[in-house]
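Single-structure report; data block below.
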Amino acid sequence: MDMSANKQATVRIALGTWDRLRDDAYSVRHQVFVVEQKVPPEVELDDDDAVSVHAVAYGPDGTPMGTGRLLPDGHIGRMAVHKQARGMGVGSQLLDALIGQGHGDGHRMLVLHAQTHAAGFYEAHGFKTEGEEFVEAGIPHVVMTRTLK
Numbered sequence: 001m002d003m004s005a006n007k008q009a010t011v012r013i014a015l016g017t018w019d020r021l022r023d024d025a026y027s028v029r030h031q032v033f034v035v036e037q038k039v040p041p042e043v044e045l046d047d048d049d050a051v052s053v054h055a056v057a058y059g060p061d062g063t064p065m066g067t068g069r070l071l072p073d074g075h076i077g078r079m080a081v082h083k084q085a086r087g088m089g090v091g092s093q094l095l096d097a098l099i100g101q102g103h104g105d106g107h108r109m110l111v112l113h114a115q116t117h118a119a120g121f122y123e124a125h126g127f128k129t130e131g132e133e134f135v136e137a138g139i140p141h142v143v144m145t146r147t148l149k
């Protein structure tokens, strides 16, 4: 019996403002970035949160499983999925929702700073690497872009 068919998580994606989704988005970001990846809390939170569209993935029981955001300039960022929910398509569903939001907002291009180890994930969603690797918050990253039609 093929168990991989059960790997896709059933999630509900909510899109909204920081005011509406702050608690759930921040709970995921704090766990992934601050606790797991040791990013300083003062670096993790910034003024862009207030002006971004946020996406939160909720599991069947209503637990926040992942998050991401779209800035007004077309940058996607703060993509994070709880460790126990990785490899189940949660990140893909979040990214698809943010790409759809960017498309709906009229963006011609989306940009993100991908942690280098995750570049393949973004490539699978139509993003291409631009330029050299750089370090952000102590973690190697690459700039990636996707043109929207």
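Residue numbering for the sequence shown follows the UniProt record's numbering, starting at 1 and increasing by one per position. Ideal Cβ placement from N, Cα and C applies to all residues, glycine included. It should be emphasised that the depicted structure is a prediction, and the values quoted were computed from it without experimental measurement.
Inset, instruction - Alpha carbon to alpha carbon, how far is PRO72 from MET1? Give it in angstroms, no decimals. - result: What you label residue 1 is simply residue 1 of the sequence shown in a count that begins at 1. What you label residue 72 is simply residue 72 of the sequence shown in a count that begins at 1. Unreliable positioning characterises MET1 in this predicted model, as indicated by a pLDDT of 41, which lies under 50. The coordinate reading is nonetheless provided below. Cα to Cα, the separation comes out at about 46 Å.
Legend entry - Separation of GLU132 from GLY16, as counted between CA atoms: Position 16 of the sequence shown, counting from 1, holds the residue named residue 16. Position 132 of the sequence shown, counting from 1, holds the residue named residue 132. If I take the Cα positions, the gap works out to 33 Å.
Legend entry - Touching by the beta-carbon criterion (3+ pairs, under 8 Å), the region 21 to 31 and the region 61 to 71: yes
Legend entry - Given 8 Å, three or more beta-carbon pairs between the region 117 to 135 and the region 88 to 108: yes
Legend entry - Other residues of its chain near MET3: CB distance less than 6 Å, five sequence neighbours each side excluded: The sequence position of residue 3 within the sequence shown is 3, counting from 1. The pLDDT assigned to MET3 is 42, lower than 50, so where the model puts this residue is not dependable; a value taken from the coordinates is nonetheless given after this. Counting only Cβ-Cβ distances below 6 Å, and skipping sequence neighbours, we find nothing.
Inset, instruction - Flag this pair as yes or no: are the beta carbons of ARG78 and ARG29 separated by less than 7 Å? - result: On the sequence shown, residue 78 is found 78 positions in, with the first residue counted as 1. On the sequence shown, residue 29 is found 29 positions in, with the first residue counted as 1. Against a cut-off of 7 Å, the Cβ pair of ARG29 and ARG78 comes out as a contact.
Inset, instruction - Report buried or exposed for HIS54, applying the criterion of at least 16 other Cβ atoms within 10 angstroms of its Cβ. - result: Counting from one through the sequence shown, the residue named residue 54 turns up at place 54. HIS54 is buried by the Cβ-count criterion.
Legend entry - Separation of THR10 from TYR58, as counted between CA atoms: Position 58 of the sequence shown, counted from the first residue, corresponds to residue 58. Position 10 of the sequence shown, counted from the first residue, corresponds to residue 10. Each residue's alpha carbon lies about 9 Å from the other.
Inset, instruction - Taking 7 Å as the cut-off, decide whether the C-beta atoms of VAL111 and THR147 are in contact. - result: Numbered from its first residue, the sequence shown carries residue 111 at position 111. Numbered from its first residue, the sequence shown carries residue 147 at position 147. Contact flag unset, no.
Legend entry - Alpha carbon of ALA97 to alpha carbon of ALA14, nearest angstrom: Along the sequence shown, read from residue 1 onward, the residue named residue 97 stands at position 97. Along the sequence shown, read from residue 1 onward, the residue named residue 14 stands at position 14. So the alpha carbons of these two residues sit roughly 9 Å apart.
Legend entry - Exposure label - PHE134; buried when at least 16 CB within 10 Å: Start at 1 with the first residue of the sequence shown, and residue 134 comes out as number 134. With fewer than 16 Cβ atoms within 10 Å of its Cβ, PHE134 is classed as exposed.
Legend entry - Cβ-Cβ separation, GLN31 to ILE139 (assumed contact under 8 Å), whole Å: To locate residue 139, count along the sequence shown from 1; it is residue 139. To locate residue 31, count along the sequence shown from 1; it is residue 31. So it is not a contact: roughly 16 Å between Cβ atoms.
Legend entry - Neighbourhood of LEU21 by C-beta, 6 Å cutoff - its chain only, sequence neighbours within 5 removed: Position 21 of the sequence shown holds residue 21. Only HIS54 and VAL56 meet the Cβ criterion.
Legend entry - HIS113 and GLY74 closer than 7 Å at C-beta: Taking the first residue of the sequence shown as 1, we reach residue 113 at position 113. Taking the first residue of the sequence shown as 1, we reach residue 74 at position 74. It is not a contact, given that the beta carbons lie outside the stated cut-off.
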